[in-house]
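Structure first, then comments.
Numbering (the working numbering), first residue to last: 4 to 258.
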């Protein structure tokens, strides 16, 4: 736990309908004071160019961390932000690393610790690309084009569905359904009885999956129940309620 926590100023550069919502939840979960700067998407769903003044890539989420007497720190990428904030302010969200008697040993890590590290990286490295392809294909399929072009755009979307999307979506969601069922000590979270950074990371993707009907109570009951447990957390509700208060709604998927 950071000794100078009260002196730390954290700013979240929050883009609507983006992964920044998971970082807002984390800040609420850790009960950290923070400043929220909001950014809008344009009609093409691209991020506000003003974000490039914060980070050269102009992406979100991004946070800045300021401590008196030190250089301002700017962090991008959800996984890095989650790891950084939990290591400094929320070690309770990091499972115990080593099994009893295996401290510092190669292959001595607990299943919970390995799961946490794995899903933090899996969420963006393996699963998010599948949902990005789905978003792009849906936009191609539903693009406002002349009626005689519509069969072509739908045909392209259908080929990508057949060649890549349908198989990979089924593979990943089936894998996650099994992982929730096999959580250490019976869960109820991905890494066991306690909330972890991995749960923060997975929340946004499961919101997308349920919104798109890729995950339903009939197809993936364990995932739906798991997401419901996340939604019931007070900090999760506070984060969403704050955006509803400021923006009028809290949408996870760019439309």
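We put the beta carbon where it would ideally sit given N, CA and C, even for glycine.
Just so it is clear, the structure is predicted and the values come from calculations on it, not from any experiment.
Distance between residue 218 and residue 179, taken at the CA atoms: about 11 Å.
Residue environment analysis places residue 177 among the exposed positions, since fewer than 16 neighbouring C-beta atoms fall within 10 angstroms of its C-beta. Under DSSP, the beta-bridge partners assigned to residue 79 are 65. Within the model, the alpha-carbon separation for residue 120 versus residue 107 is close to 17 Å. Here DSSP, grouped into helix, strand and coil, assigns residue 251 to coil.
Per DSSP, the beta-bridge partners of residue 50 are 44.
Runs of alpha helix (DSSP H) with 4 or more residues, each lying fully within the segment 131-216, are found at 131-144, 153-163, 169-184, 200-214, listed in chain order.
Our two residues, residue 9 and residue 70, have alpha carbons roughly 9 Å apart in a direct line.
Residue 162 and residue 45 have their C-alpha atoms some 29 Å from each other. In the three-state reduction of the DSSP assignment, residue 35 falls in the coil class. When rounded, the separation of the alpha-carbon atoms in residue 21 and residue 192 is 23 Å. A residue is called buried when at least 16 other Cβ atoms come within 10 angstroms of its Cβ; residue 97 meets this threshold and is buried.
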